[in-house]
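Heads up: the sequence shown begins at 1 in the working numbering, then just goes up one per residue. Beta carbons: idealized from backbone N, C-alpha and C, even for Gly. Single-structure report; data block below.
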Amino acid sequence: MSHKLLINPIYTSFGIKEKHLLQECIHCGFCLPTCPTYIENGKEMDSPRGRLYLMEAAMNGEIDISERFFEHIDLCLVCRACETACPSGVQFGKLMEITRDVTHSVRYKSSVSKLISNFILSVIIPSHGWLSTIFKLGWLYQKTGLHWVTKNTFMKNILPAKIRNINESIPPIPFKRFAKNNVQTFHAIGEKKGRVALFTGCVMDHLFPDVHAATIRILNWNGYEVVIPSDQTCCGALHVHSGDGKTSKQLRDINLSVFSDRSFDIIILNAAGCGAHLKQYKQENNKDNPTYPFSKKVKDLTEFLATVPLRNPEFPLYLKVVYDEPCHLIHGQGISVEPKQIIKSIPGTTFLSLIESDACCGSAGSYSITETEMSLKVLERKMNHIASTGADCVVTANPGCQIQLQWGMNRKNLSMEVLHIAELLDRAYQKSNGYPLP
Ligand code: SF4
Ligand code: SF4
């Protein structure tokens with residue numbers, strides 16, 4: 001199905017600002033070797049420069065918005081490695097978000113797939129009620145052994161390849177989410193140095209309650225009171241990557257109202273994807289807009305810890321560690337030194353370098369579900385590099401990367417642990433006298 005020039009949504013929706021952003025590309029090609037999809041298939045149209053050509057051609061009304069157009073646009077991980085490599089400052093992530101947003105209305109082959117996608121994005125993801133029900137069913141699926149059966153017996157061969165892959169990637173599901181339905185406050189240990197809010201997110205809150213608990217213990221131990229506002233919602237990053245800018249903005253408005261009402265100085269994130277998105281709120285506005293101070297308050301946990309006098313872990317861990325940099329931390333927020341400093345500050349830990357540590361692992365939000373084949377190719381490359389280090393443990397700072405890397409470990413039968421950086425630091429603190437027990 002193609003959509004003719006007159007209804008080409010990029011042609012009609014790209015304004016002066018978007019055209020200017022596109023024209024910043026000088027077609028030098030420096031970004032190509034950093035692009036995971038270009039590395040895998042070598043096609044210009046699956047490189048950042050090729051995708052920018054496509055956007056420009058669509059903007060000028062020279063091509064139709066067809067299935068072929070979406071093939072190349074959808075295959076982009078929005079990892080933003082190309083932004084880091086670009087000498088011209090092209091805001092590729094922003095352009096991709098706009099492109100997906102303005103083509104959202106024509107991207108689905110059938111109204112059924114559009115309905116399902118809209119239902120997941122606008123009803124399920126922002127609702128902790130829906131998510132709780134779904135994750136409880138997932139918990140039951142694992143507890144009853146059904147998940148084991150569909151993964152390890154002849155049953156797995158009955159499943160279509162895509163479903164089989166998704167089924168294999170499901171991590172252990174906890175029974176309960178972390179946040180509660182009322183505001184929670186966790187008090188500082190010792191002298192109180194400040195008060196921060198924790199952004200708990202949507203899926204992370206349900207799948208990684210232990211990471212939130214570790215984050216809070218670390219902050220309390222370093223003198224910070226942590227408050228979790230109960231009425232916060234999903235950050236909207238998944239929506240914007242899927243082209244649903246409308247729902248993303250609705251979620252943004254809820255979060256702005258929840259966090260602005262309570263005069264927090266700092267809002268801590270331990271999910272790189274959510275942090276990069278919350279910091280982007282300001283790009284849509286000028287300094288007079290209320291989103292500006294909000295996004296300035298948003299700090300990744302590692303970024304925040306680098307600015308305060310951090311208590312040193314006292315007891316050694318004796319672990320060989322590699323750090324895999326989440327795209328939305330290094331490319332999306334420019335944070336790379338801080339997590340490494342934290343790891344190196346732990347006594348007994350050997351920090352090993354990892355080839356292409358700044359390259360995507362193939363997780364990219366819902367990408368591992370929607371573009372499973374490419375996601376697995378990207379993961380395979382990452383796991384080969386990780387396996388060659390001989391580390392005991394891979395540390396990252398984003399829940400999607402944790403799931404993807406654990407899936408990679410399982411696929412390769414590797415026994416390395418995959419930890420969030422908060423879990424590693426929490427473990428290093430745990431033998432200290434007075435540190436709260438998990
Ligand atoms: S965002 Fe990542 S996958 Fe997309 S074009 Fe840039 S480097 Fe390639
Ligand atoms: S590096 Fe930047 S300017 Fe050069 S081709 Fe890539 S996006 Fe364009």
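Residue i beta carbon near ligand 2 (any heavy atom closer than 6 Å)
| i | result |
| --- | --- |
| Val-78 | no |
| Pro-36 | no |
| Val-90 | yes |
| Cys-234 | no |
| Cys-361 | no |
| Cys-393 | no |
Any non-hydrogen atom of ligand 3 within 6 Å of residue i CB
| i | result |
| --- | --- |
| Pro-33 | In terms of ligand content, the structure shown lacks ligand 3 and carries ligand 1 and ligand 2 instead. |
Opening and closing residue of the beta strand (DSSP E) in which residue i lies
| i | result |
| --- | --- |
| Val-321 | 320-323 |
| Phe-186 | 184-186 |
| Tyr-224 | 224-228 |
| Thr-396 | 393-396 |
| Phe-351 | 350-352 |
| Leu-269 | 266-269 |
| Thr-437 | Here residue 437 is Leu; the residue named in the question, Thr, does not match the sequence. First-last for Leu-437: undefined, no H or E at that position. |
| Glu-417 | 417-420 |
| Asp-300 | 298-300 |
beta-carbon residue i near ligand 1 non-hydrogen atom, thresh 6 Å
| i | result |
| --- | --- |
| Cys-28 | no |
| Pro-48 | yes |
| Ala-237 | no |
| Ala-272 | no |
| Ile-428 | The amino acid at residue 428 is misidentified as Ile; the sequence shows Ala. Ala-428 Cβ: outside cutoff for every heavy atom of ligand 1. |
| Ala-57 | no |
| Ala-81 | yes |
Cβ pair residue i, residue j closer than 7 Å
| i | j | result |
| --- | --- | --- |
| Ala-397 | Ala-213 | no |
| Phe-30 | Ala-85 | yes |
| Leu-405 | Cys-361 | yes |
| Cys-327 | Cys-25 | no |
| Val-321 | Cys-393 | yes |
| Ala-179 | Asp-210 | no |
| Leu-54 | His-72 | yes |
| Ala-422 | Ile-346 | no |
| Gly-236 | Arg-252 | yes |
| Asn-220 | Arg-311 | no |
| Leu-329 | Thr-349 | no |
| Gly-40 | Lys-377 | Going by the sequence as given, residue 40 is Glu instead of Gly. It is a contact, given that the beta carbons lie within the stated cut-off. |
Residue range of the alpha helix (DSSP H) that includes residue i
| i | result |
| --- | --- |
| Ala-197 | Unbroken run through Ala-197 is the beta strand (DSSP E), 194-198; no alpha helix (DSSP H). |
| Lys-176 | Segment: none, Lys-176 is in no alpha helix (DSSP H) and carries neither H nor E. |
| Glu-168 | 161-169 |
| Val-240 | 237-241 |
| His-385 | 372-387 |
| Leu-137 | 128-143 |
| Ser-248 | 245-260 |
Distance between beta carbons of residue j and residue i, contact taken as under 8 Å
| i | j | result |
| --- | --- | --- |
| Ile-267 | Phe-259 | 6 Å |
| Ser-242 | Ser-366 | 7 Å |
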